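For reference, the structure discussed in these notes is given below.
Following this line, the structure appears as structure tokens:
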């Protein structure tokens with residue numbers, strides 16, 4: 002009987018793996034995000050060419066892990082869009098299966114674990130695409146470190162604590178905030194529930210190994226000041242300029258059936274909050290009744306802390322992408338809450354009734370979110386290609402589906418490649434650099450096979466309007482004798498140029514005086530240096 006159960010479990014894992022792979026890889030090239038994808042692809046290519054991260058090119062708020070990883074893959078397979086997307090697809094598969102394993106570890110219920118796996122799967126590439134953003138390996142490794150901690154609590158094996166610390170440190174190399182949040186969560190839990198300093202010191206030392214190696218590398222390259230500015234100083238500026246306000250809840254049940262799915266579109270951001278509140282109340286109640294936590298509840302506390310801390314990015318930028326990248330701790334915790342509702346008896350009937358109503362309400366919200374995400378998946382992967390709303394567009398560095406502007410992008414890429422030499426540098430920016438706006442289609446650098454001429458190639462809000470940044474870009478364009486630049490049209494308020502801060506139009510004035518428009522493809526203007 003035991004052998005039969007093991008066979009069933011193995012087959013179930015294989016089925017989940019295959020379904021995850023199909024759903025994720027069929028979505029890989031269906032999403033077009035030229036800014037976000039361009040950030041890391043350009044950085045990885047520059048690193049591959051021997052440039053020093055942060056010192057020679059300024060990547061904003063991201064540690065070097067993803068740049069190192071993509072650079073390694075580029076050296077093996079060449080620089081293509083597919084390399085980064087397929088790699089990200091494998092990371093997504095790992096996250097979906099990790100959610101299943103963590104949920105099964107807490108509940109021992111395959112049905113509940115499969116439901117949570119399904120919620121996780123359609124929060125990944127099928128909904129957001131497989132863009133190689135550092136958040137994916139960061140959250141995968143952070144969540145995995147919490148899982149390893151759960152296993153350590155159960156077995157007391159020092160090797161698991163070692164792996165937990167190393168994985169946590171590796172997470173910090175991909176996303177320092179996620180790695181630090183995982184470290185804090187496990188650190189606090191260790192202090193509260195493990196006796197003695199040895200496990201704590203062992204965890205701290207194992208966590209510090211890989212970040213220390215990166216620190217030494219950056220120090221040896223003279224990149225520490227720029228790295229510090231990128232990782233710790235600029236986020237405060239970015240938070241002010243890129244903030245998306247948290248929405249108010251929608252209480253109107255009629256909006257559940259609205260074609261815009263407005264009810265869940267707004268309330269999806271409250272799902273993790275509800276789960277964390279219910280879990281916290283449940284853990285406090287158990288602590289009061291039992292005076293002590295068992296192994297499972299210690300692991301739950303670490304996961305709860307990790308989920309609460311990672312929710313910070315949703316607070317800053319409240320949009321689906323920033324929610325779904327950190328929703329996985331709440332999915333695992335919800336599996337546990339469902340298990341309590343189904344399997345554990347509560348002697349207090351009113352408390353049991355209130356608890357079950359709360360869990361059912363969250364299940365209802367999760368179900369609506371699943372429907373919303375699956376609807377997005379069907380639209381992007383099947384309907385839009387069939388209706389030609391997104392067109393498969395082929396470049397020398399890979400194929401990707403692009404909405405409407407596919408011919409404009411192809412023409413702009415062809416023009417740059419035909420009128421510049423291999424190794425020649427270009428600049429890609431906005432038609433107006435005085436407005437805090439995300440800086441155009443950075444992926445042009447990759448598609449044109451031409452690297453940026455400037456250190457500040459990533460034009461994020463709060464950065465491009467700084468005087469020192471505009472002066473650096475201006476100097477790089479001038480000193481590099483850059484012949485062509487690509488400027489993307491942006492929506493501008495009706496403001497007279499005389500009323501704009503002079504420090505914010507240094508770059509625009511320079512371009513206006515030294516470059517003329519030679520080609521216009523849709524919203525992309527190609528400018529050539531005069532004389």
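Residue numbers (our numbering): 2 to 532. For each residue, glycine too, the CB sits at the ideal point set by N, CA and C. Keep in mind that this is a model prediction, so the values were computed, not measured.
Using CA coordinates, which residue listed in the options is at the minimum distance from residue i?
i: residue 400; options: 176, 448, 417; result: 448
i: residue 456; options: 94, 469, 344, 258; result: 469
i: residue 461; options: 520, 220, 237; result: 237
i: residue 395; options: 194, 511, 82; result: 82
i: residue 510; options: 522, 431, 519, 525; result: 431
i: residue 159; options: 437, 206, 358, 318; result: 206
i: residue 308; options: 289, 281, 297, 292; result: 281
i: residue 453; options: 495, 60, 11; result: 60
i: residue 297; options: 279, 270, 353, 107; result: 107
i: residue 364; options: 223, 331, 386, 27; result: 331
i: residue 102; options: 87, 344, 290, 11; result: 11
i: residue 255; options: 265, 114, 249, 248; result: 265
i: residue 250; options: 482, 271, 231, 240; result: 271
i: residue 46; options: 72, 323, 39, 65; result: 72
i: residue 405; options: 500, 211, 524, 327; result: 524
i: residue 503; options: 466, 146, 287; result: 466
i: residue 194; options: 231, 286, 92, 299; result: 299
i: residue 27; options: 240, 76, 317, 90; result: 90
Compute the Euclidean distance between the alpha carbons of residue i and residue j, then round it to the nearest angstrom.
i: residue 131; j: residue 125; result: 8 Å
i: residue 340; j: residue 34; result: 38 Å
i: residue 361; j: residue 391; result: 38 Å
i: residue 276; j: residue 267; result: 16 Å
i: residue 185; j: residue 177; result: 12 Å
i: residue 375; j: residue 381; result: 10 Å
i: residue 428; j: residue 30; result: 26 Å
i: residue 366; j: residue 294; result: 30 Å
i: residue 187; j: residue 57; result: 36 Å
i: residue 441; j: residue 497; result: 23 Å
i: residue 262; j: residue 490; result: 31 Å
i: residue 269; j: residue 51; result: 43 Å
i: residue 472; j: residue 13; result: 58 Å
i: residue 495; j: residue 320; result: 27 Å
i: residue 279; j: residue 44; result: 42 Å
i: residue 123; j: residue 98; result: 12 Å
i: residue 20; j: residue 477; result: 49 Å
i: residue 283; j: residue 463; result: 42 Å
i: residue 1; j: residue 513; result: Here the chain comprises residues numbered 2 to 532, so residue 1 is not present and cannot be evaluated.
Thinking residue i and residue j are a contact (beta carbons under 8 Å), I'd like their distance in whole angstroms, please.
i: residue 487; j: residue 433; result: With a Cβ gap of about 14 Å, residue 487 and residue 433 do not count as contacting.
i: residue 459; j: residue 443; result: 7 Å
i: residue 167; j: residue 161; result: At roughly 11 Å, the Cβ-Cβ gap does not stay under 8 Å, so residue 167 and residue 161 are not in contact.
i: residue 204; j: residue 316; result: Wrong, their Cβ atoms sit about 28 Å apart, outside the cutoff.
On the CB-based measure, 16 or more other CB atoms within 10 Å of its CB, does residue i come out buried or exposed?
i: residue 117; result: buried
i: residue 408; result: exposed
i: residue 213; result: exposed
i: residue 292; result: exposed
i: residue 259; result: exposed
i: residue 383; result: exposed
i: residue 219; result: buried
i: residue 169; result: buried
i: residue 104; result: buried
i: residue 86; result: buried
i: residue 372; result: exposed
i: residue 314; result: buried
i: residue 348; result: exposed
i: residue 88; result: buried
i: residue 112; result: exposed
i: residue 208; result: buried
Who are the near neighbours of residue i in its chain, counting only those whose CB is closer than 6 Å to its CB and skipping five residues on each side?
i: residue 553; result: Since the first and last residues shown for the chain are 2 and 532, residue 553 lies out of range.
i: residue 201; result: 191
i: residue 67; result: 41, 135, 175
i: residue 228; result: 55, 219
i: residue 197; result: none
i: residue 63; result: 135
I'd like the list of long-range same chain contacts for residue i, defined as Cβ closer than 8 Å, with 5 residues on each side in sequence excluded.
i: residue 96; result: 121, 125, 137, 140, 141, 144, 329
i: residue 216; result: 225
i: residue 221; result: none
i: residue 78; result: 84
i: residue 417; result: 427, 445, 449, 451, 485, 487, 527
i: residue 211; result: 167, 170, 171, 173, 174
i: residue 310; result: 182, 185, 186
Going along the chain, which residues of its own chain have a beta-carbon closer than 7 Å to the beta-carbon of residue i, five neighbours each way excluded?
i: residue 164; result: 149
i: residue 181; result: 173
i: residue 110; result: 340
i: residue 436; result: 491, 493
i: residue 322; result: 129
Less than 9 Å between CB atoms is the rule here; does residue i satisfy it with respect to chain B?
i: residue 220; result: This model lacks chain B altogether, as it is built from one protein chain only.
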